[in-house]
Each structure stands twice: as structure tokens, then as C-alpha cells.
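Residue numbers (the numbering used here): 399 to 742.
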């Protein structure tokens, strides 16, 4: 998911700002997705893979999410007069007001342009990159399952999954485009926390559709393809070997993580609402665990790491006996997997 102002900058001098600008936009190449993408392309250098749908998804996902990080970081540099110390839309506990109640002397300010340009654009690009990456699993499944009726549920859930993320953009960038802190007297912390509360609830919906999407894909693959995979694995018992050779375990892992994150988020929101029964919004979210952000981001990003790892492992085994064996057991369904597939 998108995490706003996860890191912050201290503006001291012009030299420091140049270094910070470099750091802000070098994420294009320091992103872990970049290294995995390069490795994938190296393993398949004989083909014009960048022209194929799967590789376009991988490339666009990497570029757009890196741009989102760049917007987020550069906003802090452009609008450094806003005196942002540290702020996270995911962590209301970091929102401090200069008075005795919050026991702090820090003041956090946002200008309208900073809120819309840096945070709005950064969040939007991050979600758009995720939406593009979400189609990888769908296209990969559609390649080996030539049955439109059985792809109905994956089609429905991928659309709902994408729509839930698009609504998060709408919620942040449109419904709350003027939601920012003006000064330590004028800021409406209650309004900020209400925004935060609805933000978490939308995230629960996102994880729910993520789970349903992955379960629908798993059901389709098990019904059409994985029933034959036991022939491939009859002499292979190690988990690592099985993980490398089929994506079934990839789905087990990512689905389990999504379910775990969903349960934690639901418990957090229900618990917070119960604590907030007296409508004391500030105290309800003030003690929010910072680690919840990390858990959420890990649960989301593991799916995108798997895209690149999936392709790396697929390319490694493309010309091995397993592909020949797989093609043999799928002959009856007239399915063929090879390195020249127009999708891969």
C-alpha cells in the first residue's frame, strides 16, 4: 500500500538539498523491482521480451511506482517551508499539536500544493502501478486456461480489486484534496483522523478483494492444470524444488499473507471503533501501532516481488525436462508452454 512520508528530510544547506534530490529520484534504480527486472531480462535475452504483455506489466509497474516514490520525496524538498518533521497518513500517532495535551513542541504544516502535488500524485501513481501489476497473475492464468466460463470469477474479482484501489485514489486525491494542516491553531485533527479511519476501512476492502481474486485464480488453476502436476512432482519432495517448478505454492504463500493481513486490519479497525465509542477520535487513533504500516506494506509488496521471481524461475526451467513433461500431461487440453509464448 502507499505510505506517505515514511522517511523525512532535514533541510540544512544547498549541498544537502542536492543530495536529497538525487536520493529522491534515484529510487528508479535503487528499487528492488529494478534489479529483479534486469535479472529477468538477462535470463531471456534471446527474445524481444519487452514487447510482450507480461514484460510490459513488469516494466510499467516498476517505473510508475518509482515515480510515485519520487513525487512523495520531492514534495518534502519543494515545500520545505512547510516545516514537515514527520508525517504518515497511516500513523495518526505522528500527528502532533503544539499544546500540553500532546506533550510536544513539534508543529507539522502542509500547504495545499504539498498535499495535492506530493502526497496526492505520489499516492495515485503508487496505486496505479499496483493496479497494473495486479494483472500479471490474471494474464498468466489465462495463458494456460483456455476456458472463458471458468475465468469469469477471476475477471470479476480483478476488476473489483482494481476498483477498490482506484477508489482509494479518489478518496485521497478528490474527496480530501483540501485536507491539510494549516497551522497549530487552525488544524482540525478530528477531520484528519476521520480521513484516516475511512482510509483503513478501504484498505480492508482492498485486502478482501485481493484474497478473493487469488482464491479464484487458485481454484481455476487447480481445476484445469494442477490436477496433472502430481506426475511432474512424483520424484520431487523438497519444498524449494516444488516452489521453483510450479506457481501453486506462490499462490498459497501470497494468499495466506493476504488473509493474515486482512485479519489483523479487521481486528485493528473493530478495536479502534470500540475504543472510539465516545467519539474521541484523536485518542482513538493516537496510539496506533507504527508496525501496522510495515505489515500492510509487506503483505501488499510480496505479491509484486513474486511477479519478478516467478518469471526468473520460469525462465530458468523453460528449457528443462519439466517443461517437456508439463506439455506432455497437458496435451489432451491442447495447452503448450514454451519460451516463445507470445505472452511471456
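By construction, the Cβ of each residue, glycine as well, lies at the ideal position given by its N, Cα and C atoms.
Beta-carbon contacts of residue i that lie in its chain and below 8 Å, excluding the five residues immediately before and after
{"i": "residue 605", "result": "656, 659, 660, 663, 697"}
{"i": "residue 547", "result": "none"}
Cβ shell of residue i (< 6 Å), same chain only, five flanking positions each side left out
{"i": "residue 709", "result": "438"}
{"i": "residue 522", "result": "567, 571"}
{"i": "residue 603", "result": "562"}
{"i": "residue 545", "result": "none"}
{"i": "residue 443", "result": "none"}
{"i": "residue 449", "result": "none"}
Helix, strand or coil at residue i according to DSSP, with G and I counted as helix
{"i": "residue 759", "result": "Coverage of the chain is limited to positions 399 through 742, which leaves residue 759 absent and any answer about it impossible."}
{"i": "residue 579", "result": "Reliability fails at residue 579, whose pLDDT of 47 lies under 50, so the model's placement of it is uncertain and no value is given."}
{"i": "residue 713", "result": "helix"}
{"i": "residue 701", "result": "helix"}
{"i": "residue 429", "result": "coil"}
{"i": "residue 443", "result": "coil"}
{"i": "residue 347", "result": "Residue 347 lies beyond the residue range present for the chain, which begins at 399 and ends at 742; the question has no answer from this structure."}
{"i": "residue 480", "result": "Reliability of the predicted coordinates at residue 480 is poor, the pLDDT of 47 falling under 50, and the value obtained from them is presented with this limitation in mind. Looking at residue 480 - three-state DSSP - the assignment turns out to be helix."}
{"i": "residue 599", "result": "helix"}
{"i": "residue 543", "result": "coil"}
{"i": "residue 594", "result": "helix"}
{"i": "residue 450", "result": "coil"}
{"i": "residue 424", "result": "coil"}
{"i": "residue 501", "result": "Reliability of the predicted coordinates at residue 501 is poor, the pLDDT of 40 falling under 50, and the value obtained from them is presented with this limitation in mind. Coil at residue 501, not helix or strand."}
{"i": "residue 721", "result": "Note that residue 721 scores 49 on pLDDT, short of 50, meaning its location in the model is unreliable; the coordinates nonetheless yield the value given after this. It is helical."}
Distance CB(residue i)-CB(residue j) smaller than 7 Å
{"i": "residue 666", "j": "residue 614", "result": "no"}
{"i": "residue 701", "j": "residue 653", "result": "no"}
{"i": "residue 533", "j": "residue 457", "result": "no"}
{"i": "residue 610", "j": "residue 561", "result": "no"}
{"i": "residue 649", "j": "residue 616", "result": "yes"}
{"i": "residue 607", "j": "residue 537", "result": "no"}
{"i": "residue 469", "j": "residue 516", "result": "yes"}
{"i": "residue 441", "j": "residue 713", "result": "yes"}
Pick from the options that is closest to residue i, judged by C-alpha positions
{"i": "residue 471", "options": "450, 449, 435, 426", "result": "426"}
{"i": "residue 465", "options": "442, 542, 519", "result": "519"}
{"i": "residue 529", "options": "622, 620, 592, 463", "result": "463"}
{"i": "residue 535", "options": "429, 424, 451, 695", "result": "451"}
{"i": "residue 699", "options": "442, 547, 592, 459", "result": "459"}
{"i": "residue 612", "options": "553, 597, 596", "result": "553"}
{"i": "residue 563", "options": "547, 531, 526", "result": "526"}
{"i": "residue 424", "options": "453, 443, 449, 467", "result": "467"}
{"i": "residue 569", "options": "601, 695, 547, 546", "result": "601"}
{"i": "residue 595", "options": "443, 669, 547", "result": "669"}
{"i": "residue 428", "options": "461, 443, 545, 546", "result": "461"}
Own chain partners of residue i with C-beta closer than 7 Å, once the 5 adjacent residues on each side are dropped
{"i": "residue 690", "result": "666"}
{"i": "residue 549", "result": "540, 543, 618"}
{"i": "residue 599", "result": "667"}
{"i": "residue 706", "result": "431, 434, 435, 438, 456"}
{"i": "residue 531", "result": "455, 459, 702, 705"}
Quick one: which unbroken alpha helix (DSSP H) runs of 4-plus residues sit fully inside the segment 527-571? Chain order, please.
550-571
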